[in-house]
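Taking it in order: structure first as structure tokens, then the write-up.
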Amino acid sequence: MNTSTTPISPVAAQNPADRRTFVRATLDLGDVLLRPWGREVAELDVMLDGLVAAAADPLIALWNPFPAADRNEAMALLEVREGGWDRGSVASFAVLGAADGALLGNVTVRWVDRADGLAMMGYWVLPAARGRSVATRATRAVTSWAFRTADARRIEIAHAVGNEASCRVADRCGYLPEGTLRDSHRFGDGAYHDEHLHARLSSDPEPTDPAGGPTA
Ligand SMILES: CC(C)(COP(=O)(O)OP(=O)(O)OC[C@H]1O[C@@H](n2cnc3c(N)ncnc32)[C@H](O)[C@@H]1OP(=O)(O)O)[C@@H](O)C(=O)NCCC(=O)NCCS
16 MNTSTTPISP VAAQNPADRR TFVRATLDLG DVLLRPWGRE VAELDVMLDG
66 LVAAAADPLI ALWNPFPAAD RNEAMALLEV REGGWDRGSV ASFAVLGAAD
116 GALLGNVTVR WVDRADGLAM MGYWVLPAAR GRSVATRATR AVTSWAFRTA
166 DARRIEIAHA VGNEASCRVA DRCGYLPEGT LRDSHRFGDG AYHDEHLHAR
216 LSSDPEPTDP AGGPTA
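If you read the sequence shown in this note's numbering, its first letter stands for residue 16, the second for the next number, and so on.
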């Protein structure tokens with residue numbers, strides 16, 4: 016009988032749920048910064064107004080609705096996002112212009128099954144910043160960060176079949192199409208829509224096509 020013992024590395028010995036913790040970080044893309052949402056966000060009133068404007072945008076209200084009818088609701092939302100970071104369970108980033116700190120959008124990744132390394136990605140971009148690869152660049156950055164720092168194994172994006180812009184973002188971020196989910200999610204119009212499921216595995220290659228130039 017072999018009685019020798021192989022030392023267990025500290026990383027392997029860790030509980031996956033501990034290892035799979037989103038830890039606050041700022042992601043610097045040069046002209047764009049991704050900063051964790053929370054009560055301490057810079058220019059709080061401007062950010063609250065940005066969230067209220069985003070929630071009122073017809074496309075966001077349709078495809079990615081969230082409750083921020085006024086500054087109080089937006090503040091409550093920031094507190095929820097702060098709690099997500101505190102628990103390491105939801106990583107929600109404000110996407111900001113590096114030059115002026117203007118709010119451009121949001122990228123959020125959350126565990127669906129933390130022990131299994133399965134996460135879900137979501138994003139929105141304010142109308143004035145659309146069409147400049149903000150969503151693509153920010154989503155690529157958060158994807159790499161989640162694989163690298165939080166040991167994500169598989170990240171999914173699900174978007175309504177009619178949301179072609181989101182489909183392009185998922186494609187350009189290397190999330191392969193995996194099929195159609197029927198009547199799978201109730202969107203802002205109150206109706207259930209079919210969704211396309213896309214996913215990236217940690218073992219998939221980084222997308223190689225250029226994500227687009229500077230946003231400014
Ligand atoms: C989807 C969304 C985040 C895209 O943001 P963005 O910063 O404009 O995205 P990008 O510039 O990185 O890429 C957009 C891609 O969609 C394409 N696109 C934009 N509008 C489109 C439309 N109406 N139909 C088809 N494609 C469209 C662009 O041409 C681009 O593709 P390309 O690079 O091949 O040219 C933004 O439109 C949005 O906030 N929509 C509302 C909320 C939402 O849908 N969130 C996702 C829920 S799953």
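For every residue, glycine included, the Cβ atom is placed at its ideal position computed from N, Cα and C.
Could you check if residue i is buried or exposed, using at least 16 other CB atoms within 10 Å of its CB as the buried criterion?
i	result
L63	buried
L93	buried
A83	buried
A69	buried
P3	Within the shown structure, residues of the chain are numbered from 16 to 231, placing residue 3 beyond reach of any answer.
R155	buried
E97	buried
L66	buried
L48	buried
T41	exposed
Please work out which residues of its chain come closer than 6 angstroms, Cβ to Cβ, to residue i, disregarding the five sequence neighbours upstream and downstream, and give them in chain order.
i	result
H208	A175, F202
Just the Cα atoms here: how many angstroms apart are residue i and residue j?
i	j	result
E88	F81	10 angstroms
L212	A144	25 angstroms
T151	T36	24 angstroms
V56	L119	14 angstroms
D101	G205	32 angstroms
G189	T223	9 angstroms
V157	L74	22 angstroms
Starting from residue i, trace the beta strand (DSSP E) both ways and give me its first and last residue.
i	result
F317	Nothing can be reported for residue 317, as the shown portion of the chain is limited to 16 through 231.
If you drop the 5 nearest sequence neighbours on each side, which residues of the same chain put their C-beta closer than 7 angstroms to that of residue i?
i	result
E193	L212, H213, A214
G53	L93, R96, E97, W100
Which residues mark the beginning and the end of the alpha helix (DSSP H) in which residue i is found?
i	result
R50	Run containing R50: none in the alpha helix (DSSP H); it sits in the beta strand (DSSP E), 47-51.
Take residue i and list the residues in its own chain whose beta-carbon comes closer than 8 angstroms to its own, dropping the five residues that flank it on each side.
i	result
D198	Y207, H208, D209
| said: As an exercise, report each continuous beta strand (DSSP E) stretch of at least 3 residues that is fully enclosed by the segment 110-148, in chain order. | reply: 118-128, 133-140
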